[in-house]
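Accompanying notes for the structure given below.
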Amino acid sequence: RAGAEGGDRFCIHSPEQSDRGRRRRQLEQDLGCALKRGQLQVYYQKQCDQKGNLIGAEALLRWQHPELGMVPPDEFIGQAERSGLIVEIGEWVLEQACRQLRNWQRQGSRIRVAVNISARQLMDDSFVARVESVFNRTEVDPRRVEFELTESMMMDNLSQGREVMLKLKRLGLSFAIDDFGTGYSSLVYLSQLPFDVLKIDHRFVGRLPKDPYCCKITKAVLSLAKTLGLKVVAEGVEYAEQHGWLVRHGCDLMQGYLHGKPLPTLEFGKDLEAEALPQ
Ligand code: C2E
Ligand code: MG
Ligand code: MG
Ligand code: MG
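Numbering (UniProt numbering), first residue to last: 283 to 561.
In structure tokens form, the structure reads like this:
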């Protein structure tokens, strides 16, 4: 017994663990320069209505690391939040998304855009001013823009968060609660913050329509949203059966690989042109 386990005791980290640790430390170190060095990019994913018409796009951040390749946001957003870098990065994402929206509008599209906002940004004293100046610079109508908030980071001061949201709503912005049902306090958030849209997390959508329990939960969430007067977006829609089930149960918008993967600006723009033609 001692022989078999003794070896493990001296080798605390398995090779994979130390690889992962090394990768994490490298990402932490390099993130500070990623923006300056032009390594960040914004991808766009379609949001479609019940008939499949393109209504909006969610802006999703990507990091093209020179050695590690494409790094998904789940690997660096947390670090950006802890270090405070998210304030600068998030403002950059918003500006990119607004510039793009402006271009698409000039080409005749009536699309909307959704941008992920971290609680850390919302709680930053300069946030409202930063957002206003982005809208002024890009000349975008804030009514075409939605901010998505997740609970990945606890908002320590809900009444302050509420004040900031109300100020931005007065500009015309709308707010979505992202990944609904997966955080610590979805219902507290929903009851105390002025949301317009509820996004059902892909962890629920992915089990539709086969998992009866999940169907019941999703129906209840849809009914909760309707009672509160919120629009509903389902995330992670991969199969036609899921789209069909969601439409039958009154979900307003669908987002997922079925309608399109997140795409770089140019490719998304081509899809947009193609969709605009028949009208
Ligand atoms: P999210 O806002 O919930 O975004 C949806 C995620 O689901 C995206 O992951 C998207 O690529 C993925 N997804 C889309 N369709 C499907 C599907 O059909 N099946 C499955 N399995 N997944 C699908 P992504 O791009 O890796 O982003 C992960 C998270 O990182 C986002 O989750 C969001 O919370 C955060 N994030 C991304 N960009 C930003 C940003 O600019 N700022 C902040 N603060 N967070 C961001
Ligand atoms: Mg989102
Ligand atoms: Mg989500
Ligand atoms: Mg998420």
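All residues carry an ideal CB built from backbone N, CA and C; glycine is no exception. Predicted model only: the values in this text are computed from it and were never measured.
Near ligand 1: residue 430 beta-carbon under 7 Å from a heavy atom: Reading the sequence shown from its first residue, position 148 is the one you call residue 430. Checking every heavy atom of ligand 1 against the Cβ of residue 430, one is found closer than 7 Å.
Given residue 368, which residues of its chain have a CB within under 8 Å of its CB, disregarding the five upstream and five downstream residues? Counting from 1 along the sequence shown, the entry for residue 368 is found at position 86. The answer, listed in chain order, is 359, 362, 400, 402, 403.
How long is the line joining the alpha carbons of residue 312 and residue 323, rounded to whole angstroms? Stepping through the sequence shown from its first residue, residue 312 is reached at position 30. Stepping through the sequence shown from its first residue, residue 323 is reached at position 41. Their backbone Cα atoms lie some 15 Å apart in a straight line.
How big is the Cα-Cα spacing for residue 385 and residue 420? As a working note, residue 385 is residue 103 in the sequence shown. As a working note, residue 420 is residue 138 in the sequence shown. Near 10 Å, if we compare the C-alpha coordinates of residue 420 and residue 385.
Residue 480 - partner residues in DSSP beta bridges: Within the sequence shown, the letter at position 198 stands for residue 480. DSSP output for residue 480 lists 459, 514 as bridge partner(s).
Taking buried to mean at least 16 other C-beta atoms within 10 Å of its own C-beta, is residue 398 buried or exposed? Working through the sequence shown from its first residue, we reach residue 398 at position 116. Label assigned to residue 398: buried.
Quick check: residue 350 and residue 307, are their CB atoms within less than 8 Å of each other? Counting from one through the sequence shown, the residue named residue 350 turns up at place 68. Counting from one through the sequence shown, the residue named residue 307 turns up at place 25. No, Cβ-Cβ distance for residue 350 and residue 307 is not below 8 Å.
May I ask you to check if the CB of residue 456 is nearer than 7 Å to at least one heavy atom of ligand 1? The residue given as residue 456 occupies position 174 in the sequence shown. Result no, Cβ not under 7 Å from ligand 1.
In chain order, what residues of the same chain lie with their CB nearer than 7 Å to the CB of residue 375, ignoring the 5 residues before and after it? Position 93 of the sequence shown, counted from the first residue, corresponds to residue 375. Hits under 7 Å: 324, 341, 343, 397.
From 371, 412, 417, 389, residue whose alpha carbon lies closest to that of residue 380: As a position in the sequence shown, residue 380 is number 98, starting the count at 1. If we check each option's Cα against that of residue 380, 417 comes out closest.
Quick one: is the Cβ of residue 331 within less than 7 Å of any heavy atom of ligand 2? Looking up residue 331 in the sequence shown gives position 49. No; taking the cut-off as 7 Å, the Cβ of residue 331 has no heavy atom of ligand 2 nearer than that.
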